[in-house]
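Novice: One structure follows; several queries about it will come next.
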């Protein structure tokens, strides 16, 4: 007897390899998944313009990147000597000119990646948005400004579909072979209340379902939300705040994602990469000792093999080992 509700996940037609380019955008759960790909040495551009929770702000990031619509001084405001933008995450804050330059470099990077990425992962967190009353636009971040500055709204299924129909057409016209993976974040937004959180997730899910049907050749759905609330239906799989998935839960969801987007052979290669990364994280008490040099040389040999066969990029890690252990260039 099975004492769990397993989520049936259909394998993706397009498969991820170490030659694939990946862009991951959206809520903080997109960062969790993107970091797991990065840790395993995949080529990932992760939230270049910062975390965004609602689909409208995510769409704005993509549109600005495709258009090379660079940030200007009037996109920013100053509080306590620190410049910020309502269109950007708080990571983009500080000196005005420096912050603008960093943000515009991110737009340029995103533009280059979007034109040739193999996988575009979009994670929608909430259908609730905050609109700047005076300037009448949806913000990506409120930056702890007075609540009276904003109106809180729930976007509708039709509004999301309308924005993303146009956006999907643009992305696919620029990059016809892209696989766009849509998912709904399993993180519960309890400040909205449980009832509104359910309405929010349902709105996102309905919009995603419509997009998957319309763009069946390019768009697929990955059920992060369903895995969390059905397969992992237990508070032991939540972090201490009882809203975010625990690291064990995210690892499990990532494993399910890997099964869907990678072949069995690719997963086997990834397991070898994980062992190398584990070795790289091993702390050597004396890097210059004979044992440490032997350990490092074996790691480098394994890295060279995976680089040669599967194009795994270990250049930075190899140079670090060579410098720390005093090895000759190999």
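In the numbering used here, the protein residues as written are 1389 to 1718.
Glycine residues also receive a C-beta, built at the ideal position from the N, C-alpha and C atoms.
Keep in mind the model is a prediction, meaning the values are calculated, not measured.
#1: Compare the Cα-Cα distances from residue 1416 to each of 1512, 1455, 1406 and report the closest residue.
#2: Apply the 10 Å Cβ neighbour rule to residue 1514 and answer buried if 16 or more other Cβ atoms are within range, or exposed otherwise.
#3: How about residue 1559 and residue 1598: are their beta carbons less than 7 Å apart?
#4: Mapping the DSSP letters down to three states, classify residue 1443 as helix, strand or coil.
#5: Return the Cβ separation of residue 1505 and residue 1566 in integer angstroms, given the expectation that the two are a contact with Cβ distance under 8 Å.
#6: Pull up the CB-CB distance for residue 1545 and residue 1520, whole angstroms please, since I reckon it's below 8 Å.
#7: When DSSP labels each residue in this structure, what does residue 1458 get in the three-state scheme?
#8: Quick check on residue 1601: buried or exposed, where buried means 16 or more other Cβ atoms within 10 Å of its Cβ?
#9: Which residue's Cα is closest to the Cα of residue 1526: 1688, 1680, 1440?
#10: Residue 1639 to residue 1710, Cα distance in whole Å?
#11: Could you tell me whether any non-hydrogen atom of the ligand COA is closer than 6 Å to the CB of residue 1671?
#12: What is the C-beta distance between residue 1438 and residue 1476, in whole angstroms, given that I count them as a contact (C-beta under 8 Å)?
#13: Give the list of continuous beta strand (DSSP E) stretches no shorter than 3 residues that lie fully inside the stretch 1546 to 1592.
#14: How is the beta strand (DSSP E) around residue 1511 delimited, first residue to last?
#15: Are the Cβ atoms of residue 1719 and residue 1411 separated by less than 7 Å?
#16: Whether or not the stretch 1607 to 1626 and the stretch 1581 to 1588 are in contact is what I'm after, with contact meaning three or more pairs of Cβ atoms, one per stretch, closer than 8 Å; do they touch?
#17: Give the DSSP bridge partners of residue 1633, in chain order.
#18: Just checking my contact of residue 1442 with residue 1516 at CB under 8 Å: how many whole Å lie between their CB atoms?
#19: Where residue 1594 and residue 1703 are concerned, what is the direct C-alpha to C-alpha distance, given to the nearest angstrom?
#20: At the level of alpha carbons, what is the spacing between residue 1490 and residue 1713?
#21: Report the start-end ranges of each alpha helix (DSSP H) in the stretch 1467 to 1541 that is 4 residues or longer and not cut off at the edges.
#22: Could you give the residue range of the beta strand (DSSP E) that holds residue 1409?
Specialist: Inspection of the coordinates gives the following:
#1: By 1-based counting over the chain shown, the position of residue 1416 is 28. That would be 1512, whose Cα lies nearest to the Cα of residue 1416.
#2: What you label residue 1514 is simply residue 126 of the chain shown in a count that begins at 1. Here residue 1514 is buried. Its C-beta has 16 or more other C-beta atoms within 10 Å.
#3: Residue 1559 sits at position 171 when you count from the first residue of the chain shown. Residue 1598 sits at position 210 when you count from the first residue of the chain shown. Taking 7 Å as the Cβ cut-off, residue 1559 and residue 1598 do not qualify as a contacting pair.
#4: As a working note, residue 1443 is residue 55 in the chain shown. Helix.
#5: Taking the first residue of the chain shown as position 1, residue 1505 is located at position 117. Taking the first residue of the chain shown as position 1, residue 1566 is located at position 178. Indeed they touch by this definition, with Cβ atoms about 6 Å apart.
#6: Taking the first residue of the chain shown as 1, we reach residue 1545 at position 157. Taking the first residue of the chain shown as 1, we reach residue 1520 at position 132. Contact between residue 1545 and residue 1520 is absent: CB atoms are separated by about 23 Å, not below the 8 Å threshold.
#7: Residue numbering aside, residue 1458 sits at position 70 when the chain shown is read from its first letter. The three-state secondary structure of residue 1458, taken from DSSP, is coil.
#8: Position 213 of the chain shown, counted from the first residue, corresponds to residue 1601. Label assigned to residue 1601: exposed.
#9: Residue numbering aside, residue 1526 sits at position 138 when the chain shown is read from its first letter. Considering only 1688, 1680, 1440, the residue with the shortest C-alpha distance to residue 1526 is 1440.
#10: Counted from its first residue, the chain shown places residue 1639 at position 251. Counted from its first residue, the chain shown places residue 1710 at position 322. So the alpha carbons of these two residues sit roughly 31 Å apart.
#11: Looking at this structure, you won't find the ligand COA or any other ligand, since it has none at all.
#12: Within the chain shown, numbered from 1, the residue matching residue 1438 stands at position 50. Within the chain shown, numbered from 1, the residue matching residue 1476 stands at position 88. Sure, about 6 Å apart at Cβ, within 8 Å.
#13: When DSSP assignments are scanned along the stretch 1546 to 1592, the uninterrupted stretches of beta strand (DSSP E) that are 3 or more residues long and fall wholly within it turn out to be 1567 to 1572.
#14: If you number the chain shown from 1, residue 1511 lands on position 123. For residue 1511, the enclosing beta strand (DSSP E) stretches over residues 1507 to 1512.
#15: Residue coverage of the chain in this structure runs from 1389 to 1718, which leaves residue 1719 outside it and unanswerable.
#16: Touching, no, given that fewer than three Cβ pairs across the two stretches are closer than 8 Å.
#17: Locating residue 1633 in the chain shown gives position 245, where the first residue counts as 1. Partner residues in the beta bridge of residue 1633, as assigned by DSSP, are 1626.
#18: As a position in the chain shown, residue 1442 is number 54, starting the count at 1. As a position in the chain shown, residue 1516 is number 128, starting the count at 1. The pair is a contact, with the Cβ atoms about 7 Å apart (cut-off 8 Å).
#19: Within the chain shown, numbered from 1, the residue matching residue 1594 stands at position 206. Within the chain shown, numbered from 1, the residue matching residue 1703 stands at position 315. Looking at the two C-alpha atoms, the distance is approximately 43 Å.
#20: What you label residue 1490 is simply residue 102 of the chain shown in a count that begins at 1. What you label residue 1713 is simply residue 325 of the chain shown in a count that begins at 1. Going from the Cα of residue 1490 to the Cα of residue 1713 covers about 35 Å.
#21: Within the stretch 1467 to 1541, the complete alpha helix (DSSP H) runs of at least 4 residues are 1484 to 1504.
#22: Taking the chain shown and counting its residues from 1, one reaches residue 1409 at position 21. Taken as a continuous stretch (DSSP letters only), the beta strand (DSSP E) holding residue 1409 covers 1409 to 1414.
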